[in-house]
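Asker:
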Amino acid sequence: MSDLLSKLEAIHYRFIEVGTKIVDPDIISDMERYVKLTKEYKDLEEIDIVYKEYKNLIGNLKSSRELLETETDPEMREMAKMEIDELDQKIPLIEEEIKMMLIPKDPEDDKNAIMEIRSGTGGDEACIFVEDIFRMYTMFFKEMGWQYDILNSSPGTVKGYKEISLEIIGVGLYGMLKFESGVHRVQRVPETESQGRVHTSAITVAVLPEAEEVDFELDMNDVRKDTFRASGAGGQHINKTESAIRLTHLPTMTVVECQDGRSQHKNLAKAISVLRSRLYQAELDRVHEIRAAHRKTLVSTGDRSAKIRTYNYPQGRITDHRINKTIYNLAAFMNGDMREMIDALKLAENAEKLKGQEVI
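Residue numbers for the sequence shown, in my numbering: 5 to 364.
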């Protein structure tokens, strides 16, 4: 109890310090520093509110125990006992809440995200499943009140998509979607199968935190820009003008295309955003690999070649292989009802961090 209280007191003094700094004109003029401190202030404020409540409960418990030791009046003693019993139940609950709050947050969790969905093994069926998964996610976004914009898409031979990428904007977004990166496997009878046999196909999903200029400085001298005519659906205008953009980051040969918007200017801005995010993610992956040498993370391994989930249509189930969780409600899941699985993944990651004694 005293150890937890001392940690909270240190956070409280840091909260006061940051509150003083964010009104300092020198810091306000330094946008990068100001943004980081404002974010830190917001995070610390949540803990500070709980700290004050916890400190108040500890104080009340101490007072009630002192009253029980010194008071002779039976009625007052009974009231003190009732208060102690109530506080003995409340305090462990708030302590668990505090422990969860003290788990170091991934600084990327509150960011917007870039999602890229690509067909893998399975030919036409994989392209169809890309479209199914894309629909599943967009229905989940709608439920969460998030907005999305398609950045680039490549249609499948029969139907669906070979690949599709989108930008998603919302509160606490990356922290919920980061668990979706990896290989998603589907087992079902394909529309193209005349024999009625169950086939297994796979697609890959990559979720990148959207990098802002303060996160990753992209030197445009290292980038080659090409324009070309957009292909696929989009009406007459989109195919007549060279509105599509291809950016190549020469040091890493990372290539990004954006062609779903009519405006070359908008496509360029979005392509720069995706390129910056991909390069930022590469840097994050490098850092995570170093950390993984000390602690293997069960849930977010960062390995996008790892099979993370199976969608089995004949049995109507979804199984997440990282946490061995199965949900027998495939139809609802494919309609965007994903919250139970995402919450279970977040809980598993937090439990693992607690077990690894990563609480600050």
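For glycine and all other residues, C-beta sits at the position ideal for the given N, C-alpha and C.
How big is the Cα-Cα spacing for Thr330 and Glu112?
Answerer: The residue given as residue 330 occupies position 326 in the sequence shown. The residue given as residue 112 occupies position 108 in the sequence shown. Straight-line Cα distance between these residues: approximately 28 angstroms.
Asker: Report all residues from its chain with a CB closer than 8 angstroms to the CB of Val134; omit the five preceding and five following residues, and keep chain order.
Answerer: Locating residue 134 in the sequence shown gives position 130, where the first residue counts as 1. Only Ile121, Arg122, Ser123, Gly160, Gly164, Tyr165, Lys166, Glu167, Ile168 and Ile207 meet the Cβ criterion.
Asker: Would you kindly check if the distance between the Cβ of Glu214 and the Cβ of Ser281 is under 8 angstroms?
Answerer: The residue labelled residue 281 in the question sits at position 277 within the sequence shown. The residue labelled residue 214 in the question sits at position 210 within the sequence shown. It is a contact, given that the beta carbons lie within the stated cut-off.
Asker: In angstroms, rounded to a whole number, what distance separates the CA positions of Phe144 and Val190?
Answerer: The residue you call residue 144 lines up with position 140 of the sequence shown. The residue you call residue 190 lines up with position 186 of the sequence shown. Straight-line Cα distance between these residues: approximately 19 angstroms.
Asker: Is Thr314 closer than 8 angstroms to Ser205 when the C-beta atoms are compared?
Answerer: Here residue 205 refers to the residue found at position 201 when the sequence shown is read from its first residue. Here residue 314 refers to the residue found at position 310 when the sequence shown is read from its first residue. No, the pair does not count as a contact, with Cβ atoms beyond the cut-off.
Asker: Buried or exposed for Asp89, going by 16 or more other Cβ atoms inside 10 Å?
Answerer: Within the sequence shown, numbered from 1, the residue matching residue 89 stands at position 85. That one is exposed.
Asker: Spatial neighbours of Leu71 within its chain, please: C-beta separation below 6 angstroms, excluding the five flanking residues on both sides.
Answerer: As a working note, residue 71 is residue 67 in the sequence shown. If we look at Leu71 and ignore the five residues flanking it on each side, its Cβ neighbours are Ala84.
Asker: Under 8 angstroms between the Cβ atoms of Tyr141 and Met119?
Answerer: In the sequence shown, residue 141 corresponds to position 137, counting from 1. In the sequence shown, residue 119 corresponds to position 115, counting from 1. For Tyr141 and Met119, yes; Cβs fall inside 8 angstroms.
Asker: Could you check if Gly176 is buried or exposed, using at least 16 other CB atoms within 10 Å of its CB as the buried criterion?
Answerer: What you label residue 176 is simply residue 172 of the sequence shown in a count that begins at 1. Result: exposed.
Asker: Rounded to a whole number of angstroms, what is the C-alpha to C-alpha distance between Gln263 and Asp347?
Answerer: Sequence index remark: in the sequence shown, residue 263 carries index 259 (1-based). Sequence index remark: in the sequence shown, residue 347 carries index 343 (1-based). Cα-Cα distance, rounded: 34 angstroms.
Asker: Going by beta carbon distance, what residues of the same chain come within less than 8 angstroms of Arg228, once the five residues before and after it are set aside?
Answerer: For the purposes of this step, residue 228 is identified with residue 224 of the sequence shown, where counting begins at 1. Closer than 8 angstroms at the Cβ level, and outside the excluded window around Arg228, lie Leu251, Thr252 and Leu254.
Asker: Grab me the residues of Glu129's own chain with a C-beta within less than 7 angstroms of its C-beta, minus the 5 sequence neighbours each way, in chain order.
Answerer: To locate residue 129, count along the sequence shown from 1; it is residue 125. Cβ neighbours of Glu129 beyond the five flanking positions: Pro194, Thr196, His203 and Ser205.
Asker: Can you check which of these residues, Lys103, Gln199 and Met342, is closest to Lys146 by C-alpha distance?
Answerer: Counting from one through the sequence shown, the residue named residue 146 turns up at place 142. That would be Met342, whose Cα lies nearest to the Cα of Lys146.
Asker: Could you pull out every unbroken beta strand (DSSP E) segment of at least 3 residues lying fully inside the region 252–291, listed in chain order?
Answerer: For the region 252–291, whole beta strand (DSSP E) runs of length 3 or above, ordered along the chain, are 258–262.
Asker: Could you spell out where the alpha helix (DSSP H) holding Ser157 opens and where it closes?
Answerer: Within the sequence shown, numbered from 1, the residue matching residue 157 stands at position 153. Careful: Ser157 lies outside any alpha helix (DSSP H), inside the beta strand (DSSP E) at Gln151 to Pro159.
Asker: For Ala275, which residues in the same chain have their Cβ closer than 6 angstroms to its Cβ, ignoring the five residues on either side in sequence?
Answerer: Locating residue 275 in the sequence shown gives position 271, counting from the first residue. Hits under 6 angstroms: Ile249, Leu251, Val260 and Cys262.
Asker: Quick one: give me the first and last residue of the beta strand (DSSP E) that Glu171 is part of.
Answerer: Mapped onto the sequence shown, residue 171 falls at position 167. Where Glu171 is concerned, the enclosing beta strand (DSSP E) stretches over Tyr165 to Ile173.
Asker: Heavy atom of the ligand ZN less than 7 angstroms from the Cβ of Met257, yes or no?
Answerer: As presented, the structure is devoid of all ligands, the ligand ZN included, so that no description of it is given.
Asker: With Gln191 as the anchor, note down where its beta strand (DSSP E) starts and where it stops.
Answerer: Indexing the sequence shown from 1 puts residue 191 at position 187. Element bounds for Gln191: Gly186 to Arg192.
Asker: So, under 8 angstroms CB-CB, Asn64 and Glu44 are touching, yes? Tell me the CB distance rounded to an integer number of Å.
Answerer: In the sequence shown, the residue the question calls residue 64 occupies position 60. In the sequence shown, the residue the question calls residue 44 occupies position 40. Between Glu44 and Asn64 the Cβ distance is about 30 angstroms, and since that is not below 8 angstroms, they are no contact.
Asker: Can you grab the Cα-Cα spacing for the pair Arg233 / Leu48, in whole Å?
Answerer: The count along the sequence shown starts at 1 and reaches residue 233 at position 229. The count along the sequence shown starts at 1 and reaches residue 48 at position 44. Cα to Cα, the separation comes out at about 49 angstroms.
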